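Have a look at the structure below before the remarks.
Chains as they are written, first to last, in the working numbering: chain A, 1 to 451; chain B, 452 to 902.
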């Protein structure tokens, strides 16, 4: 007996995400009869998504209803699940920020302004949910997952679960070693974008020695010859392995994109640590390509939406995505139990981190809820050099956000490893805050009374 | 009825400190009949100190006995109090380290090797005390107080109290404002060398507005015209006031010597933030002067030791020093209660810091012990930008010390704001560890298995 629910998607204009979600819903018979409400501030995009979703479901004969709205409060009405995938500012705006910072000597955005707009949006959504659908689950699927989920769970009573793709990196390791990803048992807890492979078991045996052997016998050859076909293909890069060598645990997914400044100081360093042809996803070579690919996909979707004779099943396929949103909903609603990689308040799951900090850990999901597995502790060195410093970064970002203290933004700019003088940080901060698109932010952040 | 005790001074060759201690003991009638054992590895210096102490006490007619030894275990025998003021490496060695690092582009020691030798010595002393005088108090009076006291209290059962002079900076503020230091009530908790003036009361009224007024009306003039007469005269410097402006609480004593890298990047920055003529105590101008002054004092003491006709009371005076060691001993032994600024395991005294971290807080000292005052919390911004990052620094230093993991030293070198490339950090670390004087350290720190 299927359970009909209502899922509201905030930021549904993210076409690929929304279509993937629809696909997974169509393929989950347990959820037949459900309704999906797409919400975005872009009405054209919304209409396009709505059409595609309805046609795709019809082609598959799935029993789902769709609606769309540019009114967020209306979209939240009677929601059982809210999936927030919204990003307030465009990729083009991100680029304008990087270009401005580059004029002050910062390579590819190596000075941080924080996530004011996305955090404010997340908090607004969670607060509206408190009024409109207080029992709904919020599945946070846009960045910053770590800071945003911690903020929302502290400031509201909403149940929040953050999701990310990074942990799929484990499968890349398996494939590189010639192992069947389905026969791997693994665990990689931490903070979002900062997770570490504590256990890596292949058919009942510790598979870390296979990693060591690969590094010893094939690493150098791989780093010399491997050419990435995706901008994010850095799981086996020299940089990721260097981090493994320092910590004795492999950094997974987005984790090697962080780490010390020396991996990221300029394009030469990036290529050294993260390989050809782009030096990983965070360079002036990779980023435009990534954005171009996104835009091409939107263009292709728009074309399909307007071509009523095209088969959407042919175009998008009819197998499940790797996304966790729908399986988690199915687990919660229909007790179709599964284990997932989630971001939820710690409360003892990961040792040495305060209870009210959102951690990324495996969890058992069924009708009893999203119950994290208490995974124990990460090695102290990882805690002290990687996890706890990022805990402080997050706490500072939230304190700055909550107090509107501009001197904390300045401190942050000063702390960039690429800042060479006090005046440089003052100048880049002031010019960033003077951007037209940053008016609200400039208004929010003021210097303290003693300044 | 005076209480006769035995005080053992480790590193007693520090002439000024030892003579100050003797002076305070001579002037504390409650402790008449006590014995002081001077221990050092330098026999000539020891003999000189012993002679001076005995003559000084005799001139004052004080009832104290003295002995000396180069054998530490013998010196600890039957001690009631052990005062450790030892520094393993000379000022000249510190300079050799700075000169070497300068060749790799680091200004005045802005790459840190940690405190291996002093930590090892402290731990050795505390462990020997466990065997020889397990009930004695250890009064740690040499650096690093914070890291060392935390290490010793974690690794041994010895009662440890660390002392420092930094808090006297409050009196400099008072004097600058034209206030009588004796009429000030204040509190400045934190970590050693990282303390913040949370309360500053003059004759029952909040005196912070007087600081604000001084800054507004006299600050610029002072910074333009003030010429320091002591290398450590930076309490009212532009740098200290800048930190106050950021945090809303004044940094006290050695606190402004830390803070962000931008205060310390080169001599120009140092002079801007900490004034003429030396740019504070940590510059190539100030440091040789500081060492020269120390050496002149030792030379003068040696001269006096050899001039049997000289009056030591005339030379050294007969008023109490500002040191806390003897008054604390008097409090513990004779219940002569007082309030002191001490470094002891936190256990709830300062909110938001783990129990087993040594904090600097006020304490009531009497026969019941050294009982810290639970001072509450520092402002969250100070915690997140100043206190907790230094907590992590300390934990990393102790983890590196305890595990001998060389990659943690490398990480530390990389994290220096002055490191411009990965190879630079590798090279400076290896050359520092290759110094003859660092043989034990190089042997202790090895790269991990995965390296």
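We treat Cβ as the ideally placed atom computed from N, Cα and C, and that holds for glycine. Note that the structure is predicted; figures quoted are calculated from it, not measured.
#1: Does the segment 497-514 of chain B touch the segment 477-486 of chain B, meaning 3 or more C-beta pairs lie closer than 8 angstroms?
#2: Quick one: does residue 59 of chain A have its CB under 7 angstroms from some CB of chain B?
#3: Considering Cα atoms alone, identify which of A:197, A:436, A:296 is closest to residue 166 of chain A.
#4: Do residue 478 of chain B and residue 771 of chain B come within 7 angstroms of each other at the CB atom, strictly closer than that value?
#5: How would you call residue 768 of chain B, buried or exposed, if buried means at least 16 neighbouring beta carbons within 10 angstroms?
#6: Measuring CB to CB, does residue 572 of chain B end up less than 7 angstroms from residue 596 of chain B?
#7: Measure the alpha-carbon distance for residue 187 of chain A versus residue 880 of chain B and round it to whole angstroms.
#8: Who are the Cβ neighbours of residue 246 of chain A in its own chain at under 7 angstroms, not counting the five residues just before and after it?
#9: Using beta-carbon positions only, say whether residue 645 of chain B and residue 706 of chain B come within less than 7 angstroms of one another.
#10: My guess is that residue 172 of chain A and residue 235 of chain A are in contact by the Cβ rule of under 8 angstroms, so how many angstroms apart are they, rounded?
#11: Given residue 577 of chain B, which residues of its chain have a CB within under 8 angstroms of its CB, disregarding the five upstream and five downstream residues?
#12: Across the segment 255-272 of chain A and the segment 100-113 of chain A, are there enough close Cβ pairs to call them in contact, namely three or more that are closer than 8 angstroms?
#13: Between residue 671 of chain B and chain A, is there a C-beta pair that is closer than 7 angstroms?
#14: Among the candidates A:212, A:387, A:191, whose CA atom is the shortest distance from the CA of residue 200 of chain A?
#15: Residue 362 of chain A and residue 341 of chain A: beta carbons closer than 7 angstroms?
#16: Between residue 469 of chain B and residue 626 of chain B, what straight-line distance do the alpha-carbon atoms span, to the nearest angstrom?
#17: Could you give the DSSP three-state label for residue 206 of chain A: helix, strand or coil?
#18: DSSP state of residue 601 of chain B, grouped into three classes?
#19: In angstroms with no decimal places, state the Cα-to-Cα distance between residue 77 of chain A and residue 83 of chain A.
#20: Can a CB atom of chain A be found closer than 7 angstroms to the CB of residue 688 of chain B?
#21: May I ask you to list, following chain order, the residues of the segment 680-714 of chain B that have a beta carbon less than 7 angstroms from some beta carbon of chain A?
#22: For residue 382 of chain A, tell me which candidate among B:816, B:810, B:859 has the shortest Cα-Cα distance.
#23: Under 7 angstroms between beta-carbons, which chain A residues line up against residue 847 of chain B? List them in chain order, please.
#24: Does chain B have any CB closer than 7 angstroms to the CB of residue 422 of chain A?
#25: Closest to residue 454 of chain A by CA distance: which of B:640, B:809, B:728, B:700 is it?
#26: So residue 69 of chain A is in the beta strand (DSSP E); what residue range does that whole segment cover?
#27: Using a Cβ-Cβ cutoff of less than 7 angstroms, which residues in the same chain neighbour residue 124 of chain A once the five nearest sequence positions on both sides are dropped?
#28: Whose C-alpha, out of B:499, B:628, B:794, is nearest the C-alpha of residue 669 of chain B?
#29: Sort A:345, A:365, A:400 by Cα distance to residue 338 of chain A and report the nearest one.
#30: Any idea if residue 310 of chain A is buried or exposed, counting beta-carbon neighbours within 10 angstroms, 16 or more meaning buried?
#31: Could you pull out every unbroken alpha helix (DSSP H) segment of at least 4 residues lying fully inside the segment 564-649 of chain B, listed in chain order?
#32: Taking Cβ-Cβ distances shorter than 7 angstroms, what residues in chain B pair up with residue 407 of chain A?
#33: Taking DSSP as the reference, what is the three-state secondary structure of residue 30 of chain A?
#34: Give me whichever residues DSSP pairs with residue 446 of chain A in a beta bridge.
#35: Does residue 901 of chain B come within less than 7 angstroms of chain A when only Cβ atoms are used?
#36: Please classify residue 851 of chain B: does DSSP put it in a helix, a strand, or coil?
On the basis of the coordinates in this document:
#1: yes
#2: no
#3: A:197
#4: yes
#5: exposed
#6: no
#7: 35 angstroms
#8: none
#9: yes
#10: 4 angstroms
#11: 589, 603, 606, 607, 609, 611
#12: yes
#13: no
#14: A:212
#15: yes
#16: 28 angstroms
#17: strand
#18: helix
#19: 13 angstroms
#20: no
#21: 695, 696, 697, 699, 711, 713
#22: B:859
#23: 384, 385
#24: yes
#25: Absent from the model: residue 454 of chain A. The displayed extent of chain A is 1 to 451, so no value can be given.
#26: 65-69
#27: none
#28: B:628
#29: A:365
#30: exposed
#31: 567-583, 596-606, 620-627
#32: 697
#33: helix
#34: A:405
#35: yes
#36: helix
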